[in-house]
Amino acid sequence: MLPTLNLSGDVLLVDRVSTHLGKVSIGDVVLLQSPENPKKTVTKRVAGLEGDSVTFSVNPIHGERSKSKTLVVPKGHAWVMGDNIYLSRDSRQFGAVPYALIKGKAFCRVWPPEGFGLLKKDD
Amino acid sequence: MDGEMTRSSLGDVLLVEKFCLAKYEFSHGDVIIFRSPSDHKKTMVKRLIALPGDWIRDPESHDIIKIPEGHCWVEGDNSTSSFDSRAFGPIPLGLVQGRATSIVWPPQRVSKVERRMPTGRISSI
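Same order as they appear, the protein sequences are chains A and B. For the first sequence, the UniProt record's numbering assigns the number 1 to the initial residue and increments by one for each residue that follows. For the second sequence, the UniProt record's numbering assigns the number 1 to the initial residue and increments by one for each residue that follows.
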């Protein structure tokens, strides 16, 4: 999730209630149980919810020339992407993730002190 | 917490073991409780047929599918009318909430949940 979150480990405040109530919207940073390894938790940004159509470039390193794909997020799923689009394992590899894998919504960074503040919806 | 009660769609109350979630260790044929992949508010009970790395034949399309890393294949015991992996494909193991160990209600159905596998469905390579 560079550059939003640092490699050294930021401490975040996570809201676990609104995901239960289904109040996750596009642009939120979410905690997600990895679909590839259930013991791992990853942070990603929600790029689409059920019924939304998402467009993404398959290989962003090639810039404008890269192929882009559009698809519709299936029922009960979410499309998640890392902020570092060049090097992120996200829905472009493993596809849309079931909503039940979303464990919480990160909304505030508390550590390191110079980075303290609310996480913005867009960067 | 080592267990909890879950009510299945037929009205049986099940005892669910959650120790298996510490390491995500399951066996073929276990009955598992998991969140529906299409609706996070719904819980489903199905039999675990295949684990990551197994090859399984989809009875509908007759394709051989490899179960991806961190996923599993679930099927209902009533193979003719069950909404399971044959409809929605492999599910992430992260959706699993526990393993059913016994039926505790109604009294005439009190029993252990047996581990059972349909034969000839999977091949591990």
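Where is the CB? At the ideal position from N, CA and C, for every residue including glycine.
Chain A residues whose Cβ lies nearer than 8 Å to that of Phe17/B: Taking the second sequence and counting its residues from 1, the one referred to as residue 17/B is at position 17. Looking at the sequence shown, residue 17/B is not Phe but Glu. Under the 8 Å cutoff, chain A gives no residues; its nearest Cβ is about 17 Å from Glu17/B.
Three-state class that DSSP yields for Thr80/B in the structure shown: By 1-based counting over the second sequence, the position of residue 80/B is 80. Of the three classes helix, strand and coil, the one that applies to Thr80/B here is coil, per DSSP.
Three or more C-beta pairs below 8 Å linking the segment 19 to 29 of chain B and the segment 110 to 121 of chain B: yes
Distance CB(Ser98/B)-CB(Gly70/B) smaller than 9 Å: Start at 1 with the first residue of the second sequence, and residue 98/B comes out as number 98. Start at 1 with the first residue of the second sequence, and residue 70/B comes out as number 70. Just to set this straight, residue 98/B is Gly in the shown sequence, not Ser. Going by C-beta atoms, Gly98/B is not nearer than 9 Å to Gly70/B.
Simplified DSSP state of Glu75/B, which is helix, strand or coil: Position 75 of the second sequence holds residue 75/B. In this structure, Glu75/B counts as strand in the three-state DSSP scheme.
Whole-angstrom C-beta distance between Gly76/A and Ser38/B, which should lie under 8 Å: To locate residue 38/B, count along the second sequence from 1; it is residue 38. To locate residue 76/A, count along the first sequence from 1; it is residue 76. Rounded, the Cβ-Cβ distance is 4 Å, consistent with contact.
Contact set between Ala100/A and chain B, taken where Cβ atoms lie within less than 7 Å: The count along the first sequence starts at 1 and reaches residue 100/A at position 100. What Ala100/A touches in chain B: Arg35, His40 and Leu95.
C-alpha gap between Thr19/A and Pro107/B, whole angstroms: Sequence index remark: in the first sequence, residue 19/A carries index 19 (1-based). Sequence index remark: in the second sequence, residue 107/B carries index 107 (1-based). Cα to Cα, Thr19/A sits roughly 37 Å from Pro107/B.
is_contact[Pro107/B, chain A] using C-beta, thresh 9 Å: Here the question's residue 107/B lines up with position 107 in the second sequence. Answer no: the Cβ-Cβ gap between Pro107/B and chain A never drops below 9 Å.
Phe26/B, enclosing alpha helix (DSSP H) - first and last residue: Position 26 of the second sequence, counted from the first residue, corresponds to residue 26/B. From DSSP, Phe26/B is part of no alpha helix (DSSP H); its letter is neither H nor E.
Stretch pair the segment 54 to 68 of chain B + the segment 113 to 121 of chain A: three plus CB contacts closer than 8 Å: no
Euclidean distance between Cα positions of Leu5/A and Val29/A: Indexing the first sequence from 1 puts residue 5/A at position 5. Indexing the first sequence from 1 puts residue 29/A at position 29. Approximately 10 Å, taken between the alpha carbons.
C-beta neighbour in chain A for Pro68/B, strict 9 Å: Translated into the one-based positions of the second sequence, residue 68/B becomes position 68. It does: the Cβ of Pro68/B has a partner Cβ on chain A nearer than 9 Å.
For Ser68/A, the three-state DSSP class (helix, strand or coil): The residue labelled residue 68/A in the question sits at position 68 within the first sequence. Residue state, collapsed to three classes: strand.
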